[in-house]
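Engineer:
Protein chains: 2
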Amino acid sequence: MLEIIFATKNLHKVEELKKIAPKSVEIAGLPEGIAIAPEYGETFLENAIGKAMWYMKIVKKPVVADDSGLEIDALKGFPGVFSSRFMEGEDYKKKMEKILKMLENEENRRARFVCYAVYASPDGIVVSAKGTVEGKISQNIRGSKGFGYDPIFIPDGYEKTFGELGEDIKNSISHRYKAFENLFKMLKNLDIF
Amino acid sequence: MLEIIFATKNLHKVEELKKIAPKSVEIAGLPEGIAIAPEYGETFLENAIGKAMWYMKIVKKPVVADDSGLEIDALKGFPGVFSSRFMEGEDYKKKMEKILKMLENEENRRARFVCYAVYASPDGIVVSAKGTVEGKISQNIRGSKGFGYDPIFIPDGYEKTFGELGEDIKNSISHRYKAFENLFKMLKNLDIF
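Here the protein sequences line up with chains A and B, keeping their order.
Per the numbering used here, residue 1323 is the first one in the first sequence, and the count goes up by one each step.
Per the numbering used here, residue 1323 is the first one in the second sequence, and the count goes up by one each step.
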């Protein structure tokens, strides 16, 4: 059984990943008391690699990490890598209100959630994978499920936002789900487990 | 035909990689006038990833990069990631003389060359591979072939240094050869070409 540490303090994300991971892999969260990785990448991929490498060097075990965000076409990809850092300190309700304000009278509401998942192991293997979910920005904040920008994102093929759809549907179509599914497929093809 | 840019200004290394790469891949050097990637990683792997990502973002094509160095057991892995930066500005003759001086009267001359090769493409794939060649540090500087620390490294199974053995043998057993061979195998398993 290969143990992989998921580089997140969010236990909910750890539980979710356990459902995606193959049976031959045991997913665990980060041990207590580890210094948080600095985040200074220019792209999701660099941030995800940075996190995976940072924690791998500390725990000396295989690590997976992810980085993700919302790209809005009419805002030229904003908030993108700044999805968390945008209006830092404010809650997501304030951030979403600001985004909706920026998109007022905007016809083009096309957007996507993007996630990069990265595996890094002490024997020097790094592998990355990408997942995206296309959709559009709603006119209002709707629903209270999920987290982050979920209540203003309507995935293609649905009428409801991720905030309304709930985690079962979200987890079967989301960017994070797809990124880790791709990643585990790649690791399997590489005989890593 | 997949074109891959090898992130090096060393045309000799480009020619060598052409011999290792599968026939379905076309290896090219960096275009002229590109800013050199900064090198601030703590490990070969981080440096190789850093280089691959840096140039990939500039050329917007798939890139391979490598980072390598010499690890000497009696010096606790030194020079390691500092293999180039050690006594920066001095030529390798001076550096090798210094290393031999540090190992004077040292029985344990065990050492290895380590190389990490990394592929990064604009569609968000990063894959790394490692190659090593075990050996020992000679008593004197011997031979003038190869480059870097080659004239003081005797690979296991040989009596001569890399500086004496010449590139045909070196290229069939070297850390760089093995790292790229592993990398191309991995990329093939991932259907990247």
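By construction, the Cβ of each residue, glycine as well, lies at the ideal position given by its N, Cα and C atoms.
Using a Cβ-Cβ cutoff of 7 angstroms, what residues of the region 1405-1416 of chain B are near chain A? List them in chain order.
Structural biologist: Flagged: no residues at all.
Engineer: Flag this pair as yes or no: are the beta carbons of B/L1324 and B/F1515 separated by less than 8 angstroms?
Structural biologist: It is a contact, given that the beta carbons lie within the stated cut-off.
Engineer: Taking A/S1494 as part of the alpha helix (DSSP H), name the residues at either end of that continuous run.
Structural biologist: Here the alpha helix (DSSP H) through A/S1494 covers 1489-1495.
Engineer: Can you tell me which of B/S1450, B/I1447, B/R1434 puts its alpha carbon nearest to the alpha carbon of B/I1394?
Structural biologist: Residue B/R1434 is the option with its Cα nearest to B/I1394.
Engineer: Mapping DSSP to helix, strand and coil, what is A/I1342?
Structural biologist: Three-state result, A/I1342: helix.
Engineer: I'd like the list of long-range same chain contacts for A/C1437, defined as Cβ closer than 6 angstroms, with 5 residues on each side in sequence excluded.
Structural biologist: Within the same chain, A/C1437 has close Cβ partners D1388, S1390, G1453, H1497, R1498, A1501.
Engineer: If you scan the region 1362-1395 of chain A from start to end, which runs of the beta strand (DSSP E) of 3 or more residues do you find wholly inside it?
Structural biologist: Within the region 1362-1395 of chain A, the complete beta strand (DSSP E) runs of at least 3 residues are 1385-1394.
Engineer: Exposed or buried, which one is B/I1371 when buried takes at least 16 other CB atoms within 10 Å?
Structural biologist: Buried.
Engineer: Could you check the C-alpha separation between A/E1348 and B/E1354 for me, to the nearest Å?
Structural biologist: Roughly 47 angstroms between the two C-alpha positions.
Engineer: Thinking C-beta only, is A/D1490 closer than 8 angstroms to A/G1457?
Structural biologist: No.
Engineer: Could you name the residues of chain A that B/G1446 contacts, counting a contact when the two beta carbons are closer than 7 angstroms?
Structural biologist: Within chain A, the residues near B/G1446 are L1367, Y1438, S1450, K1452.
Engineer: According to the neighbour-count rule (16 or more other Cβ atoms, all chains shown, within 10 Å of its Cβ), is B/P1473 buried or exposed?
Structural biologist: Answer is buried; the Cβ neighbour count reaches 16.
Engineer: For B/I1326, count the other beta carbons within 10 Å of its own beta carbon; 16 or more makes it buried, fewer makes it exposed. Which is it?
Structural biologist: B/I1326 is buried by the Cβ-count criterion.
Engineer: Consult DSSP for A/K1416 and reduce its assignment to one of helix, strand or coil.
Structural biologist: Helix, per DSSP.
Engineer: Could you tell me whether any Cβ in chain A is nearer than 8 angstroms to the Cβ of B/M1323?
Structural biologist: It does not; no Cβ of chain A falls within 8 angstroms.
Engineer: When you compare the region 1329-1345 of chain A with the region 1405-1423 of chain A, are there three or more beta-carbon pairs, one atom per stretch, that lie closer than 8 angstroms?
Structural biologist: Contact between the region 1329-1345 of chain A and the region 1405-1423 of chain A is absent, because fewer than three Cβ pairs lie under 8 angstroms.
Engineer: On the DSSP bridge assignment, give the partners of B/V1449 in chain order.
Structural biologist: Its beta-bridge partners are A/V1449, B/Y1441.
Engineer: Please confirm whether A/N1511 has its beta-carbon closer than 8 angstroms to some beta-carbon of chain B.
Structural biologist: Answer yes: the Cβ-Cβ gap between A/N1511 and chain B drops below 8 angstroms somewhere.
Engineer: Is there a C-beta anywhere in chain A that falls below 8 angstroms from the one on B/K1358?
Structural biologist: What sits at residue 1358 of chain B in the sequence shown is Ile, not Lys. So no, B/I1358 is outside the interface.
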